[in-house]
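**Student:** So the mapping is simple: the numbering used here equals the position in the sequence shown, first residue as 1, plus 11. Idealized CB from N, CA, C, for every residue including glycine. This structure is in structure tokens; I'll ask about it shortly.
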Amino acid sequence: MRSFVLLATTFLIVATAAFSQKSAVSATTDEVSQKDEQQIRLLEAEMLKGEMNSDPVVFEKILADDCLNLPAGPDFTKAKLVEGVHKSQGQAPPYIATEEDMHVYMLGDTAIAMYVKEYAVRANPNQVDRQGLTDVFVRSAGTWKLKISRASPLRKTER
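So, in structure tokens, the structure goes:
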């Protein structure tokens with residue numbers, strides 16, 4: 012009888028300890044969503060830096076092979092964009108670009124980044140062009156890739 016009580020007590024202690032602990036691997040949906048959102052923001056920042064430094068490697072890495080750039084259309088492929096960046100590699104573009112008011116929406120393995128991109132002409136920084144951008148990323152095999160990028164002209168402004 013004494014060994015039965017000892018066995019039952021040991022079982023209860025082990026069972027209580029096992030079921031009361033939270034899994035160290037599980038993360039809440041909010042934590043995963045915030046991590047994914049941060050990854051999208053980092054990719055957007057990396058693409059802006061790649062644009063300003065004429066770095067084709069950035070676009071090779073982030074753009075999906077079948078990426079669609081609008082309003083340029085289906086003829087403006089990833090290969091053509093990378094080729095154009097290669098031609099000006101190491102040269103600063105004739106403008107300075109900045110991004111503002113970014114909002115990222117997570118929908119499972121799809122992410123949408125919406126923001127305003129401002130282009131200031133280097134030769135005349137008071138001349139500014141603004142575009143509303145919407146980028147759609149899709150996660151495949153654990154990696155986020157830009158699938159669709161749509162730019163809409165806003166209004167030209169003077170600073």
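Who are the near neighbours of G61 in its chain, counting only those whose CB is closer than 7 Å to its CB and skipping five residues on each side?
**Tutor:** On the sequence shown, residue 61 is found 50 positions in, with the first residue counted as 1. For G61, where only same-chain residues beyond five positions count, the Cβ hits under 7 Å are V69, F70.
**Student:** Determine the DSSP secondary structure at R52, reduced to helix, strand or coil.
**Tutor:** Numbered from its first residue, the sequence shown carries residue 52 at position 41. DSSP places R52 in helix when its eight states are reduced to three.
**Student:** Closer than 8 Å is the cut-off here; do at least three beta carbon pairs connect the segment 76-87 with the segment 153-162?
**Tutor:** In short, these stretches touch, since the Cβ pair count reaches three.
**Student:** For S163, which residues does DSSP report across the bridge?
**Tutor:** Walking along the sequence shown from the start, residue 163 turns up at place 152. Looking at the DSSP assignment, S163 forms a beta bridge with G143.
**Student:** Within its chain, find whatever has a CB closer than 6 Å to the CB of T121; leave out the 5 residues flanking it on each side and keep chain order.
**Tutor:** As a position in the sequence shown, residue 121 is number 110, starting the count at 1. Once the five neighbours on either side are set aside, the close Cβ partners of T121 are V149.
**Student:** Three or more C-beta pairs closer than 8 Å, one from the segment 83-94 and one from the segment 119-138: is that the case here?
**Tutor:** As far as the Cβ criterion goes, the segment 83-94 does not touch the segment 119-138, which means the pair count is below three.
**Student:** Buried or exposed: where does G153 fall if 16 or more other Cβ atoms within 10 Å of its Cβ makes it buried?
**Tutor:** Taking the sequence shown and counting its residues from 1, the one referred to as residue 153 is at position 142. G153 should be labelled exposed.
**Student:** Let me make sure I understand the geometry here. Which of H114, V93, V147, V96 has the alpha-carbon closest to that of Q45?
**Tutor:** As a first step, residue 45 is located in the sequence shown; it is residue number 34 there, counting from the start. Selected option, being the one with the closest Cα: H114.
**Student:** Nearest by alpha-carbon distance to P67: which of G95, P105, V139 is it?
**Tutor:** For the purposes of this step, residue 67 is taken as the residue at position 56 of the sequence shown. With distances taken between Cα atoms, P67 lies closest to G95.
**Student:** How many whole angstroms separate the CB atoms of L54 and W155, which I take to be in contact at a CB cut-off of 8 Å?
**Tutor:** In the sequence shown, counting from the first residue as 1, residue 54 sits at position 43. In the sequence shown, counting from the first residue as 1, residue 155 sits at position 144. Right, the Cβ-Cβ distance comes to about 6 Å (below 8 Å), so this counts as a contact.
**Student:** Using only alpha-carbon positions, find the residue among N135, P104, K91, L74 that is nearest to I51.
**Tutor:** The residue you call residue 51 lines up with position 40 of the sequence shown. If we check each option's Cα against that of I51, L74 comes out closest.
**Student:** Would you report the Cα separation of L144 and S163, rounded to the nearest angstrom?
**Tutor:** By one-based count along the sequence shown, residue 144 stands at place 133. By one-based count along the sequence shown, residue 163 stands at place 152. Looking at the two C-alpha atoms, the distance is approximately 6 Å.
**Student:** Look at the alpha carbon of T40 and the alpha carbon of K98, and state the distance between them as a whole number of angstroms.
**Tutor:** The residue labelled residue 40 in the question sits at position 29 within the sequence shown. The residue labelled residue 98 in the question sits at position 87 within the sequence shown. Each residue's alpha carbon lies about 43 Å from the other.
**Student:** So what does DSSP say about T88, is it helix, strand or coil?
**Tutor:** One-based indexing of the sequence shown puts residue 88 at position 77. Of the three classes helix, strand and coil, the one that applies to T88 here is coil, per DSSP.
**Student:** Quick one: measure Cβ to Cβ for I123 and V147, integer angstroms, because I've assumed they're closer than 8 Å.
**Tutor:** Translated into positions along the sequence shown, residue 123 becomes position 112. Translated into positions along the sequence shown, residue 147 becomes position 136. That pair is a contact at about 6 Å.
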